[in-house]
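Undergrad:
Residue numbers (this note's numbering): 2 to 141.
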């Protein structure tokens with residue numbers, strides 16, 4: 002939570018939504034987990050809170066909170082990386098089976114060539130893959 006507040010000051014609900022987004026929608030912490038943690042972070046002087054125009058508490062990181070994150074950057078980055086990996090896994094699970102099969106066939110075709118890639122073949126394959134990615138992203 003502290004790392005999310007470091008990115009930008011947030012309300013508790015925004016923290017819940019940011020975590021849910023980082024988890025690919027598969028997990029959202031409950032307010033009963035988030036708000037006590039925010040209170041603890043405030044008691045430890047890692048964040049301050051102020052009332053926003055909407056009447057909600059806005060949490061902002063302090064210098065002490067930044068120092069804590071700096072000291073623990075490897076652990077924080079590891080947690081964020083695991084959340085991102087979890088989101089990718091959830092997205093992969095949501096793909097239709099036929100898409101999984103096609104992805105497997107593509108991977109197999111790419112790995113068959115092993116290390117026998119000429120520059121021209123690498124360019125040709127990269128162009129085909131980029132074209133496919135663009136078509137998928139564009140929805141046609």
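Ideal placement from N, C-alpha and C gives every residue a C-beta, glycine not left out.
Only a predicted model underlies this, so the values are computations on that prediction, with no experimental measurement involved.
Per DSSP, what kind of secondary structure is residue 63 in: helix, strand or coil?
TA: Here residue 63 sits in coil by DSSP.
Undergrad: Can you check whether the CB of residue 2 is closer than 8 Å to the CB of residue 42?
TA: It is a contact, given that the beta carbons lie within the stated cut-off.
Undergrad: Identify every run of the alpha helix (DSSP H) within the segment 44-100, keeping only runs that are complete inside it and at least 4 residues long; order them along the chain.
TA: Here the runs fully enclosed are 64-72, 74-94.
Undergrad: Below 8 Å on the Cβ atoms is my guess for residue 70 versus residue 4; work out the distance and round it to an integer in Å.
TA: Going by Cβ atoms, the distance from residue 70 to residue 4 rounds to 6 Å, so yes, they are a contact pair.
Undergrad: Am I right that residue 35 and residue 17 are in contact with their C-beta atoms under 8 Å? What's the rounded C-beta distance?
TA: The pair is a contact, with the Cβ atoms about 6 Å apart (cut-off 8 Å).
Undergrad: Locate the alpha helix (DSSP H) running through residue 18, then write down its first and last residues.
TA: Its alpha helix (DSSP H) spans residues 13-23.
Undergrad: Looking at C-alpha atoms only, which residue of 126, 53, 102 is the closest neighbour of residue 11?
TA: Ranking the options by Cα distance to residue 11, first place goes to 53.
Undergrad: Would residue 96 and residue 24 qualify as a contact pair, given that the criterion is a beta-carbon distance under 8 Å?
TA: Contact flag unset, no.
Undergrad: What is the residue span of the alpha helix (DSSP H) that residue 135 lies within?
TA: Per DSSP, residue 135 belongs to the alpha helix (DSSP H) from 120-139.
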